[in-house]
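Chain order of the listed sequences is A and B. Residue numbers for the first sequence follow the numbering used here, so the first one is 1 and each next one is one higher. Residue numbers for the second sequence follow the numbering used here, so the first one is 338 and each next one is one higher. Just below is one structure, and these are the notes that go with it.
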Amino acid sequence: MKQRVVYFICYALPVPVILLSLFIGSTGQADAGAALALAYKKVVASSLTVAEEDSWAMIKNIIYNVRLPRVLLTFLVGAALSVSGSVLQGIFRNPLVDSYVLGISSGAAFGAALAMTVPLIPVSLAAFAGGVLAVLLAYLIARSGSGATIITIVLSGMVISGMFSAGLAIVQYISNPYKLQAIVQWTMGNLHVASWQELKRICIPVLLGLVVVFIYRWRLNVLSLGDDAAKAAGVNPGADKWVLIGCATLLTAVTVAAVGIVSFYGLFLPHIVRMMLGADNRKAIPASIFLGGTFLLVIDNFSRSLFAFEIPVGIFTMLLGGPFFIYLMRKNKLNWH
Amino acid sequence: MEAAIEVKQMSFSYGKQTVLREVNVGFGARKFSVLLGTNGSGKSTLFKSITGVLSGYRGEVFVKGMPMAKLTHKQKAGLIGFLPQFYQTVFPFTVEDILLTGRAAFSGFSPTGKDYAMVEQVLTELGLEGLRKKRFPQLSGGEQQMVMIGRLLMQDPEIIILDEPTNHLDVYYQHFLMNKLKTFVKHGRTVIAIMHNPTLAYQFADDIFFMLDKTVVSAVDTATPDLQLLEAVYNTNFLHIMHDELRVVLPTGGKFA
């Protein structure tokens, strides 16, 4: 693809998509036409009837208190998931890796479900603790052999992931129907929980994670060539790796805690970015941040406007991601050997 | 002899299996040293320990008289450039991206303009000018090997340590590379390489070492191949031919009947 087109998609598209998203909703209220008509009247004619004043107030309310936080939250979640996917794929030198592989997602899901059933600590905190616990366990198991290699970490991550999924199933099994419904909804990814409060809660950790990964993006290139090659070039891969894995864990656990599980997104978005820009993480990481946010926003717009009811975004990403991945495999565009 | 790398009493084992036993060896400064030995004899383990890729050995390594353990990563990167035997990337990095990673120890979080100039220089030196924007996984095995050697040159190291550099190279590139290494030595660098081809070793090396019984043995005289030693090392017979000043050392088999 032409370089200019690619940069346009990554860096110019977010603005119109964000603006458009503010006027899309499942209610049909406050759509772009009505909002603009009223805004025009208010600014130019500066005389509204009482009924119009009312609907103007409602539109403002919907856009400012419902849609704007949701749009921003979705953007942050998309950016966080795609960046954490890029980081994990780079470090583990495996294009089929995402936050599931280290058990981060399942750990966080288990923690959240447990907190929903036994409300002792906040759901988001429990999810975060679950995610961190999963990574630590995966690492400890991997280390107990002859040292933590890529393969042992990936394998023990899968084992941990499976065990936490079983734990989640147990929690679902013993919880009462109302809580069960909440848990099930949550495991499908729920962006409608968005509020200014939720946004404030994830904003700082997500931005922190994104900034650190952005700073480390060239180091990720070095790590992608393997430990031996990094050491040969005089780099201690251990330190860089833990900073980056820490960021990936933070990004995933915080977003899972906030909106539940958005499957597949962290897996396929890095592939789209690599197909467009190549493997160099100096370009791919910033592109992942912006395209990751924009694309999830597009998906979410479909998920809340396609049908009369809202489809959980996690189901949508899975439905889109599956065929896309098959397409990549058939076309041999996975760019790995 | 002034030693670039001095190994003292080095032992290494993977679990209960001893791979290196009290190795004592010195590789001369500004010399082309070659280490020969069979598969699994511990050559790679020795090189990985020397270069600090493997830790967990007993004994000491000195680089230009300085204990290795006291060197920082950055100091090490400027002194020693290492070509590991296996490297892999699954991602479509360009040759330029790969070369730039060689500067990671010096340039922190982003390559500098000087680093880009070095890319140009290294590609020219190795005759790889056309490959700059090519994707690494799509190159031939030989081209990949040359690029990885280029990555090591990006460190501008005094000592170059190579684990089977002629791997994947066709006969032209094998000789091209050996001559290149010889030039590096002429320009004041030290080259230490693991090889599998005794003929190339005897044609190009200043010093030859063998891996025998988990330790390193030095060839006393590199001008006349010690056939008995070669046979002890490889457990196969050898033939030594001189053809117009050109030395050929050929394995002839003969121990399998």
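For every residue, glycine included, the Cβ atom is placed at its ideal position computed from N, Cα and C. Remember, predicted model here, so these are calculated numbers, not experimental data.
Return no unless some Cβ of chain A is closer than 8 Å to the Cβ of P429/B.
yes
How many Å lie between F326/B and K519/B at the Cα?
Nothing about residue 326/B can be read from this structure; chain B reaches only from 338 to 594.
Buried or exposed: where does Y173/A fall if 16 or more other Cβ atoms within 10 Å of its Cβ makes it buried?
exposed
Count the other CB atoms, across all protein chains shown, that sit within 10 Å of the CB of M329/A; report buried if there are 16 or more and exposed otherwise.
exposed
Can you name the residues of chain A whose CB is closer than 7 Å to the CB of P404/B?
The premise fails here: P404/B is roughly 17 Å from chain A at the closest Cβ pair, so nothing lies under 7 Å.
Just checking: is the beta-carbon of K413/B within a distance shorter than 8 Å of some beta-carbon in chain A?
yes
Strictly below 8 Å CB to CB, what residues from chain B border Y216/A?
F446
Using 7 Å as the cut-off, classify the Cβ of G238/A as near or not near the heavy atoms of the ligand NAD, replying yes or no.
No copy of the ligand NAD occurs in the structure displayed, which carries no ligand at all.
Using a Cβ cut-off of 7 Å, pull out every chain B residue sitting near K231/A, in sequence order please.
G389, V390
Give the straight-line distance between the Cα atoms of W242/A and E339/B, rounded to the nearest whole angstrom.
40 Å
Residue of Q481/B, F419/B, A454/B minimising C-alpha distance to L311/B:
Only positions 338 to 594 of chain B appear in the structure, and residue 311/B is not among them; the question remains open.
Just curious, the alpha helix (DSSP H) that V50/A is in, first and last residue?
50-61
Taking 8 Å as the threshold (beta carbon to beta carbon), is D280/A in contact with chain B?
yes
Give the straight-line distance between the Cα atoms of R304/A and E310/A, rounded to the nearest whole angstrom.
5 Å
Tell me the rounded alpha-carbon separation between I59/A and W186/A.
28 Å
Output needed for A414/B: all residues of its chain with C-beta closer than 6 Å, excluding positions within five of it in sequence on either side, in chain order.
A442, Q492
Between T528/B and L549/B, which are expected to be in contact by the criterion C-beta below 8 Å, what is the C-beta distance as a whole number of angstroms?
The sequence given here places Val at residue 528/B; Thr does not occur at that position. V528/B to L549/B, Cβ: 22 Å. No contact.
Interface partners of P95/A on chain B, CB under 8 Å:
V427, F428
Outcome for R469/B when other beta-carbon atoms lying within 10 angstroms are tallied against a minimum of 16:
exposed
What would DSSP say about F521/B, mapped onto helix, strand or coil?
helix
Got a sec? Which residues, its chain only, sit under 8 Å from A341/B by beta carbon, not counting five neighbours each side?
F364, G365, A366, R367, K368, V400, K401, E495, I496, T527, I529
Would you call V390/B buried or exposed, if buried means 16 or more other Cβ atoms sit within 10 Å of its Cβ?
buried
Taking the alpha-carbon of V456/B as reference, which of I545/B, F446/B, T431/B, G479/B has the nearest alpha-carbon?
T431/B
Check whether the Cβ atoms of V171/A and A126/A sit closer than 8 Å, and answer yes or no.
no
With the cut-off set at 8 Å, would you say L88/A and S106/A are in Cβ contact?
no
Which residues share a DSSP beta bridge with R472/B?
T431/B
Between the stretch 218-252 of chain A and chain B, which residues of the former have a C-beta closer than 7 Å to a C-beta of the latter?
W218, R219, N221, V222, S224, L225, G226, D228, A229, K231, A232, A233, G234, V235, N236
Of the residues G479/B, E433/B, V344/B, the one placed nearest P404/B, counting alpha carbons only
V344/B
Confirm, please, whether the CB-CB distance from G111/A to G90/A is below 8 Å.
no
Alpha helix (DSSP H) segments (min. 4 residues) lying fully within the stretch 461-509 of chain B:
478-490
Length of the line joining the Cα atoms of R143/A and L136/A
10 Å
Sequence-distant residues of its chain with Cβ nearer than 7 Å to D240/A (five each side left out)
Y216, R219, L223
Would you call the stretch 554-567 of chain B and the stretch 527-546 of chain B touching, i.e. three or more CB-CB distances under 8 Å?
yes
Beta-carbon proximity of I299/A to M188/A, cut-off 8 Å
no
List, in chain order, every chain E residue whose beta-carbon is nearer than 9 Å to that of R4/A.
Here the protein chains are A and B, and chain E is not one of them.
Could you tell me whether the Cβ of R67/A comes closer than 8 Å to any Cβ of chain B?
no
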